[in-house]
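Numbering (the numbering used here) for the sequence shown: 32 to 570. For each residue, glycine too, the CB sits at the ideal point set by N, CA and C.
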Amino acid sequence: MASLVAYDDSDSEAETEPVGSFNATTQMKDTSDVVRPRGRDFASGVLGVMEGGTLPAKHASCEDPAGQRLPLVRLWRSDPRSGPSQRLQWPTTEPDFTFPSNEPPRPSLWTSHTPAGHVPLAAARFKQVKLSWGTYDSLEPPFCAQTKPEPPDQNGSSLQRKRREDCVVPYTPKRLRQGQALSTETGGSKDVEAKGPPVGRAAVPLHAAPRVSEFIRPYLDTEYKETEISRRVLFYLRGHRGPVNNIQWCPVPSKSHMLLSASMDKTFKVWDAVDSGSCLQTYALHSEAVRAARWSPCGQRVLSGGFDCALHLTDLETGTQLFSGQSTFRVTTLKFHPKDPSLFVCGGFSSEIKAWDVRSSKVVRSYKATVQQTLDILFLQEGSEFLSSTDASSRDSADRTIIAWDFRSAAKISNQIFHERYTCPSLALHPREPVFLAQTNGNYLALFSAVWPYRMSRRRRYEGHKVEGYSVGCECSPDGDLLVTGSADGRVLLYCFRTASRARTLPGHAQACVGTAFHPVLPSVLASCSWEGDVKIWH
């Protein structure tokens, strides 16, 4: 029976102690005039000890001042640790309390995030910040306690209070979730702004002198030789705290010692991947994962896009932001126009592909298809056409998996390219022959003609790796003799382009290898990245 009384009392309203009363939870004398919740006493007591204070020598007694033994209910109220059901109530939930009326109501947990200046109680403990009940009201409650304060005369049910205190997210019906996602993707919100620093904001410039690497200089004045197969690891680049989505060498030969990597940790990095293997600079311009990042043809700028729907063009030498745009969907792929570097095409979680002009910061063309997501984009015929791969994989997906577009008129050239029921997460163009490769979720690389009607080769297929739903990239060597692809099991596989035989298998990474890139100048250097967050340079 005492157990039932304890459970009923745990969901009741917080009881305020009179001024100067004895608090049994912290076993300290209360002389403050501020009403305090019991969940805060232990932390403040520990902080007091950390600051050089001492605990009282006399502990709370189980008897009242008159010397009589207390009943069980009164004993539990004075010391909750002595209750018979205390072991079933850990951790103790914090009772509701009311903020002072002279302060504005703080935002709710479900409508805002933790403020930027918020200092948690545990962090304040390490910073040696002395907290007292007189200054307690100026601090924000912890993340799990940031609920909207209720007026004293408004009493909600105990179940609702318990859900708020335990940070239980209320259930949202599927229909409402779909409506919220649709409004986010279509830009239904009127106050949507580009996240990240504004245009022209001065960032930290690249920590690199305008020099040519000593390893690359001998190859600049000579023609590219035959690609050599890499065998060992030259550098092991670690610095990302999330999966690395893609990597790309700088396209300018004299600056090709720099490697660009985009990660799910909301940043993209520039590395010196030839001389020292060090990180030259880290750019945190996005508020969500950076899904795509590309070098500009001049090798001085980087275009990035991510899950925050933001697009940024950054000058690496000065650190300034030259272009900033806000897309209506999450960006997953970016490609510069091969002839006009002021134009680029982006696709993502939408049925549209949009072409942007960085000079006017506006969308100049839109390409609409009956799909849900664009996986990759590849330019053909010197920029007059481009291909898009989508996530359509149904019985009638022959008209949607790979689509050829006319860049100027935004018309579909062909939609009968790939006739198998597999999606193609990445596309790659051969440097010397009019063909392109498509990475498929059927665990093979398919070869297609790069001119109309874009026929698929039935005789040549590159098999042996695994895709398994990852966005595994593929690429051709500069001379076109070798193909390289990652694998879901972490391997790096090289194939002979002519015979479709496997040339070599590198035991690359512990998790899925999603990106590979041949060096544009050095004939024996290869880079790979993985879902584990590391980048390896092979030689």
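Please indicate yes or no: does the CB of residue i lie closer than 7 Å to some heavy atom of the ligand MN?
i, result
"S419", "Here there are no bound small molecules, and the ligand MN is not part of this structure."
Our contact map puts residue i next to residue j with C-beta atoms below 8 Å; I'd like the distance itself, whole angstroms only.
i, j, result
"T547", "S559", "5 Å"
"E451", "A435", "17 Å between Cβ atoms; not a contact."
"F479", "V515", "Not a contact, Cβ separation roughly 18 Å."
"A400", "T432", "Not quite, the Cβ-Cβ distance comes to about 11 Å (not below 8 Å), so this is no contact."
"V301", "L344", "With a Cβ gap of about 15 Å, V301 and L344 do not count as contacting."
Can you name the start and end residues of the beta strand (DSSP E) that residue i belongs to?
i, result
"L581", "Outside the displayed span of the chain (32 to 570) sits residue 581, for which this structure offers no information."
"L251", "Looking at the DSSP string, L251 is not in any beta strand (DSSP E); the run it does join, the alpha helix (DSSP H), is 248-251."
"I278", "275-280"
"W483", "It is not in any beta strand (DSSP E) - W483 carries neither H nor E in the DSSP assignment."
"T405", "405-411"
"L365", "362-367"
"Y314", "309-314"
"H343", "341-346"
"T547", "544-549"
"Q4", "Summary: the structure shown does not reach residue 4, with the chain confined to residues 32 through 570, and so no result is reported for it."
"V389", "Here V389 belongs to no beta strand (DSSP E), and DSSP marks it neither H nor E."
"S336", "Position check: residue 336 holds Gly in this sequence, whereas Ser was assumed. Per DSSP, G336 belongs to the beta strand (DSSP E) from 332-337."
"M289", "289-294"
"F528", "No beta strand (DSSP E) contains F528, which DSSP labels as neither H nor E."
"A459", "457-460"
"I434", "433-437"
"I444", "443-445"
Within a Cβ cutoff of 8 Å, which residues of the same chain sit near residue i, ignoring the five residues on either side of it in sequence?
i, result
"R263", "W569, H570"
"A315", "K297, T298"
"C329", "V283, P372"
"I247", "P284, S285, S287, H288, V305, V552, L553"
"L513", "T258, I260, C507, L525, Y526, C527, F528, A534, F549"
Identify which residue in the options has its Cα closest to the Cα of residue i.
i, options, result
"L347", "G308, F417, S327", "S327"
"Y501", "L268, Q447, A481, G473", "G473"
"F299", "P274, S285, E506, I247", "P274"
"C455", "Y526, L476, V566", "L476"
"D371", "Y398, A386, C544", "A386"
"L291", "R322, L265, S318", "R322"
"L418", "L365, H496, F266, G521", "L365"
"T405", "T516, G511, P465, T363", "T363"
"S318", "D388, D407, R361", "R361"
"R533", "G495, Q542, G539, H343", "G495"
"L265", "S397, S307, V243", "S307"
"V394", "A441, S261, S309", "A441"
"F467", "F354, L409, L513", "L409"
"R242", "M295, T313, V305", "V305"
"S391", "L353, S309, P538", "L353"
"F542", "Y526, E563, T530", "Looking at the sequence itself, residue 542 is Gln, so the reference to Phe does not match. Looking at the Cα atoms, E563 is the closest of the given residues."
"D339", "T351, Y250, S355", "S355"
"Y526", "Y267, S261, V402", "S261"
"R396", "F438, S358, T253", "F438"
"S244", "D303, T253, D252", "D303"
"C544", "A469, L557, S518, P538", "S518"
Short of 7 Å in beta carbon distance, which residues of its chain neighbour residue i, apart from the five on each side in sequence? Order them along the chain.
i, result
"P554", "Y255, K256, E257, T258, E259"
"D269", "As written in the sequence, residue 269 is Arg, which differs from the Asp given in the question. Around R269: D565."
"P551", "W280, P282, P284, S287, P509"
"T349", "P236"
"G511", "H461, P462, R463, E464, F528"
"T536", "R522, L524"
"T313", "T298, K300"
"Y485", "A435, S445, I448, F479"
"E216", "Because the pLDDT of E216 is 47, which lies under 50, any placement of that residue in the model is unreliable, and the question is left without a value."
"Y250", "V552, L553"
"E383", "S397, Y398, K399"
"A531", "R491, R492, Y493"
"E499", "A519"
"Y267", "D565, K567"
"G231", "Any reading at G231 must be qualified, since the residue scores a pLDDT of 39, below 50, and its modelled position is unreliable; the value itself is stated next. For G231, where only same-chain residues beyond five positions count, the Cβ hits under 7 Å are T351, Q352."
Using a Cβ-Cβ distance cut-off of 8 Å, determine whether residue i contacts chain B.
i, result
"F380", "Reference to chain B is not applicable here, since this structure consists of a single protein chain."
Less than 6 Å between C-beta atoms, sequence neighbours within five positions excluded: which residues of the same chain meet that for residue i?
i, result
"H368", "L374, G414"
"N277", "A293, G546"
"T471", "Y453, C455, A477"
"D520", "K497"
"M295", "G273, P274, A320"
"A481", "L411, P465, V466, F467"
"A423", "V402, R431, T432"
"D407", "T364, S420, S457, L458"
"H271", "S294, D296, G564"
Quick check: the stretch 364-377 against the stretch 334-345, are there 3 or more CB pairs under 8 Å? yes
Does the stretch 451-463 touch the stretch 503-512, meaning 3 or more C-beta pairs lie closer than 8 Å? The stretch 451-463 and the stretch 503-512 touch, with three or more beta-carbon pairs separated by less than 8 Å.
Decide if the stretch 491-500 is in contact with the stretch 436-447; the criterion is three or more beta carbon pairs, one per stretch, under 8 Å apart. With the cut-off at 8 Å, the stretch 491-500 and the stretch 436-447 do not touch.
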